[in-house]
Every structure is written in structure tokens, then in C-alpha cells.
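Working notes, beginning with the structure itself.
4 protein chains.
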Amino acid sequence: MNPSPRQPGVAFLHAPGPTRLPPSVAQALGTQPMELGDPALDGLIANCEQGLARLFGAGPGTELFLYAANGHGAWEAAITNLVAPGQCVLVAGSGPFAEAWAVHAEGLGVQVQRTPWPEGHAADAGAVEELLRADRAQAVLAVFVVHTDTGSGVTNDIAAFRAAIDAAGHPALLVVDVVASLAATPFDMGALGVDVAIGAAQKALMVPPGLSFVAAGARALQVAERNPAPRFYWDWQRRRSPLNYRKFCGTAPQNLLMGLHAALALVEAEGLPNVFARHRLLAQAVQAAVAGWAEGGALDFFVRDAAVRSVSVTTIAVPRGIDPEALRRLARERFQIGLAGGLGALAGRIFRIGHLGDLNAPMVLGCLAGVEAALQASGIAHGPGVARAVQLLGAPQ
Amino acid sequence: MNPSPRQPGVAFLHAPGPTRLPPSVAQALGTQPMELGDPALDGLIANCEQGLARLFGAGPGTELFLYAANGHGAWEAAITNLVAPGQCVLVAGSGPFAEAWAVHAEGLGVQVQRTPWPEGHAADAGAVEELLRADRAQAVLAVFVVHTDTGSGVTNDIAAFRAAIDAAGHPALLVVDVVASLAATPFDMGALGVDVAIGAAQKALMVPPGLSFVAAGARALQVAERNPAPRFYWDWQRRRSPLNYRKFCGTAPQNLLMGLHAALALVEAEGLPNVFARHRLLAQAVQAAVAGWAEGGALDFFVRDAAVRSVSVTTIAVPRGIDPEALRRLARERFQIGLAGGLGALAGRIFRIGHLGDLNAPMVLGCLAGVEAALQASGIAHGPGVARAVQLLGAPQ
Amino acid sequence: MNPSPRQPGVAFLHAPGPTRLPPSVAQALGTQPMELGDPALDGLIANCEQGLARLFGAGPGTELFLYAANGHGAWEAAITNLVAPGQCVLVAGSGPFAEAWAVHAEGLGVQVQRTPWPEGHAADAGAVEELLRADRAQAVLAVFVVHTDTGSGVTNDIAAFRAAIDAAGHPALLVVDVVASLAATPFDMGALGVDVAIGAAQKALMVPPGLSFVAAGARALQVAERNPAPRFYWDWQRRRSPLNYRKFCGTAPQNLLMGLHAALALVEAEGLPNVFARHRLLAQAVQAAVAGWAEGGALDFFVRDAAVRSVSVTTIAVPRGIDPEALRRLARERFQIGLAGGLGALAGRIFRIGHLGDLNAPMVLGCLAGVEAALQASGIAHGPGVARAVQLLGAPQ
Amino acid sequence: MNPSPRQPGVAFLHAPGPTRLPPSVAQALGTQPMELGDPALDGLIANCEQGLARLFGAGPGTELFLYAANGHGAWEAAITNLVAPGQCVLVAGSGPFAEAWAVHAEGLGVQVQRTPWPEGHAADAGAVEELLRADRAQAVLAVFVVHTDTGSGVTNDIAAFRAAIDAAGHPALLVVDVVASLAATPFDMGALGVDVAIGAAQKALMVPPGLSFVAAGARALQVAERNPAPRFYWDWQRRRSPLNYRKFCGTAPQNLLMGLHAALALVEAEGLPNVFARHRLLAQAVQAAVAGWAEGGALDFFVRDAAVRSVSVTTIAVPRGIDPEALRRLARERFQIGLAGGLGALAGRIFRIGHLGDLNAPMVLGCLAGVEAALQASGIAHGPGVARAVQLLGAPQ
């Protein structure tokens, strides 16, 4: 896009999304489109639906809806199908993404209750239980939980939220955003008792942004059927059709689907357990480096409890006086490393290293070594980081 | 997608969208994504906005909104920003797409008035004027007109609708769908007095589906600001931001934008007047062939008036007893030519040849010759068609 | 390459080589290279060797040598391994390519006998037999025959040459150039008693130029071993190695091999008999059109005997006063169709339509209709051509 | 190629060639070929010739010959054009590649004198001078020097060899192989008085293997004209033609040329001095790491004199008892890093890290960190390496 100064080599993309496109995905995106009546298009869609259903752990009765939209579009799909303006949902606070979802629902006229979020910690299932117990009128139609809050770097314990709803004896649906965790860390909506799961293509699924999906279980579908609020593009009922033109409320985003098809084949070829293990190992390497940096200096983990740190993204807190945006700029311009910054209330207080998708050990090591060089070039005190990651990854197997 | 029987050679895609991807667009789609804070991403978006503004003929005060969504998403954006549930719009009938737009608005709770559509003819500006004159209460907030109704193959005269509204002295906005005409036939929203224009990427813009755009003029923006209905993903107000994350209500569909960037560069390199002239010439070639087929047989133009036949798509009526779906299947399977069928009320009565986007003379000739072979193989009587197209295209310059 | 005026759409490439790259081949070419010690590189090479061996019909004892070189390089490989300067070969005249091969051998110091070529006819096996009978000293080490002479458009009957050598009771090797026929028309070196076969990637194999191959049978290998002339790059003996670095006398042309690997997979997916049948059918369509053009005008087949017309390329003779180069220029510039001209003695007297590789019916029809338009635009008298091809291809199956 | 276990992420290619393809080169390779008579093909070739002439520092009277062949083919081109069998050349020993070149010349029947190579040192210009002084009969037609001997990792001082020839008052041509140094470190054949320079595409030029080039100055062209030995594919005289079909002795390797065209554009966009500076900096980073490893353990630089270490490849000596092949295997399989081994006499005694072409800091850091992890996993004692490289690259600018 920038025609002027050539940047040699691979750009290291370490945002928590979008992520690097594997070659087969990149090539699939450029495949010539098909006419909408071509049976091969229906085959492509069916293949994507089946692959996603496996990833979500979608049981019988669960239906999948794919959208030509980004992840916020899928949020809107869940909100508009389940809740009419004036009705109520509960959002479990876990960082900027949970908060953004709450704001989205409010923007659509929905009443939102929030549980408080103690910065740097996971969402509080106990607080959810308490609020539901207090909701005698059962006004709360759904509890919204972000599995991995990509803004804070915590991964919430979904089972605890299912248990909280059950303990409260409340009929609210459990609606989970797995955008940043799907295909990175285990998730099984059937086993976890999740009613609606929301995912997107541009994270661990390694597809460009513009494609998102909602899996809705039987109870959620019933709630949606009873929801009288007018809706069209997102509407599940209208999308229940064998015709691809209806399924997507218009033209299917074919090329993104071809990319998804290719990405699902990669996940299958590697094996989902191997995908998860790889994400865990690479996250450990990143976190070993961050621990090393923290020892000798001013940086620290933003997420205090190591057990709830995400395998997809690691959030690093910087003290006052250090500008994470200047560090990101230097990392990008001098070292071709794209890091993420802080969102919302966390802007200027953290930076984030994404480590999800099509990554391997030397890519993560190159990122960490490059960030360490950027810390040094910026005069930010730090202990030895990449050497720790080398040690961890070079351990005898 | 279909791993089994290899289909050699170029598949001839002659639907009216999606259309063939030029090589530079196909390659751009597979470019590695950027981190959202990368200034190059903002540069890409600005470039796309400027290019689209030129295509739309967007004057000062007009704002452009790009959506990660298909064309129906852009319809929903126009409807939800301009009209609250219970309010009223007028849709000018011109075929299946105008009707689908009306149904979409109704699905969102909007009251819809329709002008009748005499099959095979253009939309009736006089009928619009009449209804507006009758609307003493000025309940109609907007008149919706499809420029090229891709379902019927007519191109409506937008200036006539502007004149109709003006003649009625009615304040209704003029909202025009140029999805199937943008970058194929002249359009200039400023000169035509269009308040809102709606386009999509997958037609003459030669980009895969999943990206659509709305250009809204000053009056339309004011109407939207007064509209109290809750909305979020489509909301123009929230999208007015220098931050790409806000502009797209979440992650921008980067790779489709890279494709659009490449496509706009192709349009510019060819020159918009040349692009229009090419579409006109190729449409004449197709219509010469159809005229030839019609002479010797049962087929005929669906659009009676040659002057309102689209340069993007030609609709061919088949008599009872001939199944256009069987012809399409044979054309696809034996001749690798993808033709479109009839939508809605026209299903089973027509087939359509798309001729827009990245096409040239031998591609169109190959399509016409292949369709002629398919007619012959199907036993459908027809006069000589492709020879007429050859004659037209081989005329001395 | 030409940055200025954009040429929309598919360029119709109808030279007899190089030919269109199928998408999977085009993508394979851009795959990241491997380190030379990577076992996957050896796997790739072995796969290509096996696929080529099947195409050649190479029996046991036959060895395959792949060259980073074009087809003329493979000629040089055959010449330098089999014949020392001063020794003698016999070349069967069949057009410009046979003649060029003779000149090549002479340039390397080899004595060449030629059989005369009656223009527009196949090579004369009887003349070969006669010369061999007359060669009492058995000075002729090898008989060189071009299977399909891409310069004249004839396909020679290889069995007749085997029979001629046998009838003469002469020990000369039979060396056959199948560059323009391999994977287009049946060939089986084992069944035909061919000692050496020479192919290249850029014809019916649909890979870019720069890769060629020689299959040498046991007798040929013995002749080469006895040949004392110094040689290195082309040397079969040095290339007999499990090490890829030796097999290719240096770095293997990996990416062209990846392209070949992809192309062989396409051939296998389609099925070799289907590939042959497709070439035959499309050649019939081209020849039907040429027959139609010839009826009404000045053009004619260059190859008089329909039975020896190639399925890969059709040669059209133009009378004095018509400049085939002007026609080619017009076809290229106005109709995006690349036709071949006349080589050597045939320059200015013929033009050629290639119809091999990744082609299908509408592509060939588009080419023929475009050429017909170009004939018309050039004022060259002609009968109806493309209509004949349509008739042939649209015949009930 | 290996369909089974998916390898996620970027494979780190750290052989000294072939090297990583930049995206624009990878895409150019898959461009549809042109018909040989298309003027755009001649434009492409002219563009490549001009770009290479600039890279070589080719002055007036110098001619460029491009080959569809690998680098050994270009060696053969230089040998066969300049020297007839039985004539004599002098090869300056500098490692496995100089030796391989000598063997190649001998294989073609040429008499070869060699200067001795003290392992780990540069070639000895003094020894060349001495041999030339002793050559009273002026039998030596040419002195062959490898600029960067990719097998040993030394870069020879070309000016010293020009001076040696001049000091000896000998008419021998100076023929230099810049395959591994062109576009990585400064070279200017005009300024250096080099008569023939030999390059290839797959090293710092970032194009796949299969394309090589020879630049021959006026004196060399005269020597070639006087050379009576028969030759054809490599022959300079026959290739002096405006016809692309003659220039390449047959079909030009179009797609590799398209890749070269794209690569030359990248070099120009970055600026040659910047390209050189980048190679120097990244080489320093690698060598800082090797120095660090060496301090704490058994590894060491193979090239003793730091001043003659190549910027393209670093050679690391391993002591007896350590198998570099096992290390390479582990690096490849567990860490996706492709390292090169020892060639010829150096097999089993060294491994090599390539650092040329489309590389940047985090890629090199990732490689070094990955190699360090592999050393650890292999139980090979070593000091801290990557931390040194981080320190060097993170120095304030």
C-alpha cells in the first residue's frame, strides 16, 4: 500500500488479530468466484459449516449462521436475535472487549447489567450468580461472557459461568464470545452448556477479517423465535434456508469462505490438540520472556494471575513515564514488528503481544528478540527475556 | 473446492456478479494483513474512500461509509439510518431487486409504498410523482430506486426520478442502488441530485463479495441524525471517526479493501470513460447475438425497450416448455459457462448473461459461442447469434 | 510488464507454447524454496520423475534427466551425450523444428544427414530407411525425429520410423522430440521402441519455460557411456546421483519443479485419456473453423493431409499479398489474442493457432470468434468459421 | 509437497541460496506467459538486462547473456565461450566453490592450474601473480576467482587479483563468479577491471533458481570470437540477436524473468547502498551471535580473519564428535530452520547460516534464537549468542 520505502522481509504481525495468512489461505482468497447457482458453492458453504461446528463443539439442534461482517457484526447478530430493545442482559466484566460488547447492546436499546472488573483479573462468576439470584423477575435474558478478552489478555473460565447460572436457578442464556480463543484453546459449547457462541475468522482461524459466525443452540433459537423485534440482515429465521442467497442474506462472501475452507483444512491436518498444544507452548515462551524482562526492570504482566493468562495474547503493563505507543512505533518502523496497544481505559498503559494463528517457534523468538532490541533502543530497563524463551523452547523433549 | 473431476481452463463466469477477479486484485487479496494501528492501514482506507468518492461523483458534504457486509447489508445501512420502524418509504418497481429491497425495508418495520412494475419495462417515474403528490402529509421519507435492476436487466433513468420528486415538490430523499451499475455505466450522484447511493464490490468493481458502501449527502446525514431508532453496526454517526476501528465498527475487512484498492487502480489506469465504452460495446455484442438467436427461434429479449437494456446484464426470456435451469446446468457442466437464472417471480422464465467487470471481446465471444453450442445441444431452436457478435466486434474502427 | 494501458480480461494465449498456467500451477511457482538438504526437495524431484516416466511410457532401464534449461537445452543434452563432434546423425525433415535441430547438431560439430521435407507433409520414413540402408559403415549413430513439428503443424508417425530403422537393419538410435506433443497426444516410448525422448515443460504440460527433460533407454545410455567427448552440464553420467545437487548439476530449479508437480497432478486428475480426447476435440473445432474460413476465401490449411495435422497447433497458409504479421498484431492489440507466426522459411507465409494445454471449449471458441473478427477487421475474405466450431462442439453427446 | 504433517508458520530459510521470495516476486512468477512475438516480452527482457547491467557495473562494450540454466550453467557458458578443450585457465583456491569450478572446467577438457587454499582463509592473489609470471608462454587464458565462495564463507578481494594480473604483465582475462555476492556486497566490474562476471538469480536476487547471467567485456568477447570450439546453447555469438528466441537459444524463461524484473524493482526501491548496508548489519548480528556461542563452547568461526567473512553466509566449524548434520536435522524438524551443511571436503565439519536476500532483523534474530535453542536441545555447549545480536541490533541509532 505504501509505494515508497520498501520494507524487506517478513513483517512480524503480533497483534491479537488479524493474524498472518498461511500460504494456502492466501491463495484460496484469490480463487475465481463462482456463479451463485453453482452447486460447488453450496458444497463450499456446507464444508465450512461442518468444520466450524466441529470447532465449536456444536451438538445436535445447534444451528450455525455465517455472516459477511466482522466480529462486531456477529455480536449484533446475537443481540438482535435474542433481545428486543428494552429487554435486559448481563455482561461479565473482563476488560475492554466485555465492556465494548455491553456498550454495543446498549446502543441497540438493550438494558445492560455489568459485573465489576478488577483490572488484571478474570471475570467474576460469583458476581454473576449473585446478580442472577437477585433477578427475581428473571428479566435478564442472557449472560454475555468473553472467553478470551483480547483487550486485557485474560481467559475466563466458562464452566464457572455455567455453574453460576445453574446455581442461581436462572433461565438466562449463556452467550460466549470465542472470537479470540476459537482454534487456540479448548472450547466445547456442548460440554460447557453454552447456548450461543460467537466467533470470527481473523484470529486463530488465520482468515482475513470480514467473516464471522454464530452457533445457536436449541434454547437460544426458541428465544429468538419469540423475539418480536424487527430485524433482517442478522435474522436467524430468514437465514434458515438451503439457498445460499438466503443463508447469507444476499451474496455469500465466497472468497473469504474459500479462505476459511483452506484454514479449516490446515487445522485438521495439524490436529486440533496439536494446535492447542502449540499455542500453549508459544504462549509459555512469550510469558517466559516477559517474566525475564520484568525481573530487570519496569515492565510487568498486566494479568496478575498466571493461570488466567491467555494463550492468544499477552498484555504487558508499562509504568507511568514510559509511552507504549512510542515503543510500538519503534518496533514497527525499525524492527518490522506489529504490536498492539491498549484499548479504551487501558490506552497508554499497556502494550500487547499477539501469539495466535499461523506461528511457530522461530517466529515467536524473532518477535521477542526484536521487542527486546526495541526496549534497548528505547532505553527501557529490562532483564534478559529472549534468552529465557530460548531456554524454554530448547528444552530436551 | 470440488476435488474430483478437474475442469480444465478458464471457467466463464457470466452471472451479473460476483465477477471475475483480475490478477492484481486476486493477488492483493492474499497480502498479509496489517496491525490495526499501522498507519498504512489508514492510508489504504483513505485511498479506497477517495477512489469510491470519484466513482460515485460524491460532492462536498457527502460522506462515505464502507461496510464489512454484502450489498444487502448496505441496503440495511441505508434503511436503518434514514428510517425508523413505522416510518414510510416509496420503492419504484423495476424487477426482482427493487422488490427485494422493499421486502427488506418491511422486514425492518418500515412502511413501504410501491409503484407497479410492468414486466420488461423500466421503473415508472410518473407513478412516483403521482404518489408523492398524493402524500400531502409528506410521510414518505425517501424514494428508493434501483439504477440497474440486476434481476430484470433494466437500467432506470435516475434523472427522471429526481425530476419527479422535484415536480411533486416533495422533500423525500432520493436513494439509489448502483450496485450493478457502478463502474459499468455513467453515474454521478452530485449531478443527478441523488441523496444516498449504495454500491458493492463484487460487480463491475471486480472484488469478491463482502464489501459494500453507502455515500450519503448532507440532507441524508441530517435525516439520519434526527432518526431516533437505536442502531449500532450500520450507524453512520458512530462510524464518523478517524479511527479505522470505529469507521468499520470493529476490524476493517483489510484484504477486501486491498482488493478494492487494486481494482480502483485498474479502473483509473483504463480510464472511466473507456471502462464505460467497453461495457457498452460488449453489451451490444451480447445483444446482437440475442437478437440473432431470437430471429430463428423461441428465445427473446425480456426487456422490450432496447434503450433501457442494461450494459451489465442481458435477460433472455424463454417460452413455456423450455427449462432455463436445464440450459444453465448444461452450459455449466459441458461448457464451463456460468449463467444466471431468474429470481423471484421470474424463476423458470428467463436466464441472464452477465457482461460486466473484467471482460474483453474474446471472453464475451467465447461465452456467446458456448451458449449457442449449449442451445444446439439442448435442441432449442435459435438463429445465428455469435456470428452477429463477431460482425459487430470486427467492424472497421 | 507494460505499465501503461490496462488490457482488461483474459489474454487469449494461442501460441503453441508457452501456454496458459492453470491456477494451481501459477500458485505452486510462488511457493517458498527449500534448503537443498531438505528431504522434501528430494521427494518433489522423485515425484516429478515418476510422473514424467509415466507420461513418456518409460520402461525399466530408462533413466530420466531433468534440466534447468529450455527445450533447446534438452536437444543439446541429447546431442552431446550421444554424439561426439565429427560423428553423424540423420534428421527427418518435417518443418522448421526438425531443421533447427539439425542446425543445432551441426553447430556442435556433428555431421548431419537430412531427409527432404515436402512442405505441408509429414516426415518421410521411407527416405530414412533408404539412407540407412545406404549407410553400410553404420556411421549414423541416431535418427532424430520431431513427433509434432510445432513449426509446420504436422505430427509424424513415430512407429513408421521405428519400422524404417528395423527394416534397414541399422543400429541407429531413435531419438524423438515430443516437446509439443507430450501430454497432448498418445506417446509411449517403450511400446514405440524409442531410445531417447525429449520433452519440455511449457507446452501441454502447462508450466513456464525453463525446464526440460530427456528420457534415455538402456541402449542410449550405453552409447553415451562410450562417447568420449568432454561434457559437464548436460552429462548423463554425472547426473546419475541420489544427490539433487548432482542430478541438476547444481541448484535444482525448485519452483519450476513445484509447477511441474502441480501440473502432473492436474493431468492425473483429468486422466491422460481424457486429456488426449480433449485435445483432439478442440483441435477438431479449430480445424472445422479453418475449413469454414477456407471455403469462403483465401486462407487454407498449410498441412494438406488432415490425418497428420497436429492436435496441438494448426497452421494456416495465407496467400501472397496478405501479411500474417499484420493480422497477428491486430489480433493481439484489438482482440487480446496471441497467435504464432511462421518460423524460418515459413515466416510471412503462415500463421499458427496453438490449442494445447489448459484449454476448454469456450476458450477455443472465443479465440476462433476473435480471429474471425480480426479477419473481418483486416478485410481478409473468409467463410463462416466459428459457426462451424459451434456446430461441432454443440453436437449431442 | 509433503501432504502429511502440516508445518505451521514461516519456514526460516537460511541456506546461502536459494533464498526467500518476496511477495511481489512470488506473484510475478505466476503471471500468465506471453506469446514469443509479443513486444511486451522484449520489453521485459530489455528491462532485466538494463537492471543487471547496473548491478554488475557493466561499462560500454560489455554484453549481457541471460541463460535458462542454474549458476553451473553460467560457469559452463563462461568456460565454453572463452576456452577450448586443451587450453588452460588458472583457478584461485578459496573453498569448495572455487574447486568445483576447476573440476567443471576439467570436465570440459580444459587444463586447470590451481593456487593452494589454506582452509579458512581468502584466496591468495600473490600465488596467482607468481603462477602468471611463471607462465612465459601465456598459456593461461583466464584467471577464475569466486568473489564470495559460498562453500567456505570467504569473500575474496577482487581488486587484488586485478592487481596481481597487471603486476605479472599477463594478458589473462579476469573472470569472477559473483553468484553469492551480487546485490549483497559492492561489486563493479568496470571499476575493478573484471572481464567476465557470472551471476545467478537465486541468491541475493531473491528469484527461484533456473536463471543465470554472464556479463562479458570487450576483451572477453574478442577471446570468445577467436575460440574455434563448437558450441551452441551457451554460445555468445548466436545469442547476439534482437530476437528473444535467439537471445535465449529457444524459449525465454519468461516467468523467471518476470520474477527477476520484480526483484530488480525491489532492489531499486530500497536503493543499492541500503541493500548493502542491510546485508552488512545483519551479517554483523549473525557474527556477534557466533562469537557469543564460541566463547562458551566448542563452536568457532571457520573463517579466521573477520575481514574476509562474507556478508551472505557465515560458516561455523564444529569439532570432532559433533555431527553438524544432526544439528541441521533438528533445526529443520523441530525449529523450521533450514541451515546449510558442508560441501566437498568440508562435509561433516561445518554448518552454514545464510543471511542474504529478503531478510530483516527479526527474521535473523528468530533464526539465531532458534539455532541457539537447537544447540541447547542437542546438548552442544555454547555461550549466549542471540543476546549479543539483540544488543547489536538494538543499539541507539
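Keeping their order, the protein sequence lines are chains X, R, F and S.
Residues in the first sequence are numbered from 0 upward in steps of one, following numbering that gives the first Met the number 0.
Residues in the second sequence are numbered from 0 upward in steps of one, following numbering that gives the first Met the number 0.
Residues in the third sequence are numbered from 0 upward in steps of one, following numbering that gives the first Met the number 0.
Residues in the fourth sequence are numbered from 0 upward in steps of one, following numbering that gives the first Met the number 0.
Think of the CB as a built atom: it goes at the ideal place given N, C-alpha and C, for glycine as much as any other residue.
Just so it is clear, the structure is predicted and the values come from calculations on it, not from any experiment.
Just to make sure I have the definition right: I need the residues of chain R whose C-beta is within less than 7 Å of the C-beta of residue i. Which are they?
i, result
"His71(X)", "Tyr232, Cys248 and Gly249"
"Glu75(X)", "Phe231 and Tyr232"
Using the beta-carbon of each residue, which ones in chain R are nearer than 9 Å to residue i?
i, result
"Leu338(F)", "Going along chain R, no residue has its Cβ under 9 Å from Leu338(F), so there is no contact; the nearest lies around 12 Å."
"Phe11(F)", "Asn359, Pro361, Met362 and Gly365"
Please name the residue, chosen from the options, that lies closest to residue i on a Cα-to-Cα basis.
i, options, result
"Gly382(R)", "Leu181(R), Ile321(R) and Ala287(R)", "Ala287(R)"
"Leu263(S)", "Leu220(S), Asn46(S) and Val90(S)", "Asn46(S)"
"Ile315(F)", "Gly340(F), Gln335(F) and Asp37(F)", "Gly340(F)"
"Ala122(S)", "Ala104(S), Leu130(S), Asn155(S) and Val102(S)", "Asn155(S)"
"Asp134(R)", "Pro395(R), Thr30(R), Cys87(R) and Gly258(R)", "Cys87(R)"
"Met33(X)", "Gln335(R), Thr184(R), Gly198(R) and Gly270(R)", "Gln335(R)"
"Ser311(X)", "Gly296(X), Lys202(X), Ala360(X) and Gly249(X)", "Lys202(X)"
"Ala228(X)", "Gly384(X), Ile78(X) and Leu40(X)", "Ile78(X)"
"Ala276(X)", "Ala183(X), Leu242(X), Arg230(X) and Pro252(X)", "Ala183(X)"
"Leu391(S)", "Met362(X), Glu371(X) and Ile379(X)", "Glu371(X)"
"Ser406(R)", "Arg113(R), Trp74(R), Glu105(R) and Ala76(R)", "For chain R, the structure presents residues 0 to 396; residue 406(R) sits outside this window and is missing."
"Gly295(S)", "Arg387(S), Ala171(S) and Ser23(S)", "Arg387(S)"
"Pro59(F)", "Gly270(F), His278(F), Leu265(F) and Ala217(F)", "Ala217(F)"
Between residue i and residue j, which are expected to be in contact by the criterion C-beta below 8 Å, what is the C-beta distance as a whole number of angstroms?
i, j, result
"Phe55(F)", "Ala196(F)", "5 Å"
"Ala215(R)", "Glu62(R)", "6 Å"
"Ala27(X)", "Ala67(R)", "Not quite, the Cβ-Cβ distance comes to about 19 Å (not below 8 Å), so this is no contact."
"Asp357(R)", "Met205(R)", "5 Å"
"Leu12(X)", "Gln31(R)", "7 Å"
"Val142(R)", "Phe160(R)", "6 Å"
"Pro318(S)", "Ala346(S)", "15 Å between Cβ atoms; not a contact."
"Asp194(S)", "Leu173(S)", "5 Å"
Within 6 Å: the Cβ of residue i and any heavy atom of the ligand GDP?
i, result
"Ala372(F)", "Ligands are entirely absent from the displayed structure, and the ligand GDP is therefore not among its contents."
Checking 7 Å against the spacing of the C-beta atoms, do residue i and residue j come in under that value?
i, j, result
"Thr149(F)", "Phe96(F)", "yes"
"Gly393(R)", "Ala376(F)", "yes"
"Phe301(S)", "Gly119(S)", "yes"
"Ala330(R)", "Ala373(R)", "yes"
"Val289(F)", "Ala368(R)", "no"
"Leu107(R)", "Val139(R)", "no"
"Gly249(F)", "Gly70(S)", "yes"
"Asp41(X)", "Asn254(X)", "no"
"Ala166(F)", "Glu128(F)", "yes"
"Glu75(S)", "Trp233(S)", "yes"
"Met362(S)", "Val385(X)", "no"
In chain S, which residues lie with their C-beta within 7 Å of the C-beta of residue i?
i, result
"Ala26(R)", "Before going further, note that residue 26(R) is Gln rather than Ala in the sequence given. What Gln26(R) touches in chain S: Gln26."
List, in chain order, every chain X residue whose beta-carbon is nearer than 8 Å to that of residue i.
i, result
"Pro185(S)", "Those do not exist, as Pro185(S) stays about 18 Å from chain X at its closest Cβ, beyond 8 Å."
Identify the contact partners of residue i in chain X, using a Cβ-Cβ distance below 7 Å as the criterion.
i, result
"Pro17(S)", "Ordered by position in chain X, no residue passes the 7 Å Cβ test against Pro17(S), which lies about 16 Å from the chain."
- Mind the definition here: the segment 203-217 of chain S touches the segment 75-83 of chain F only if three or more C-beta pairs lie below 8 Å; say whether that holds. Counting Cβ pairs under 8 Å, fewer than three are found: no touch.
- Query: Any contact of the segment 167-184 of chain S with the segment 218-230 of chain F, i.e. 3+ C-beta pairs under 8 Å?
  - Reply: no
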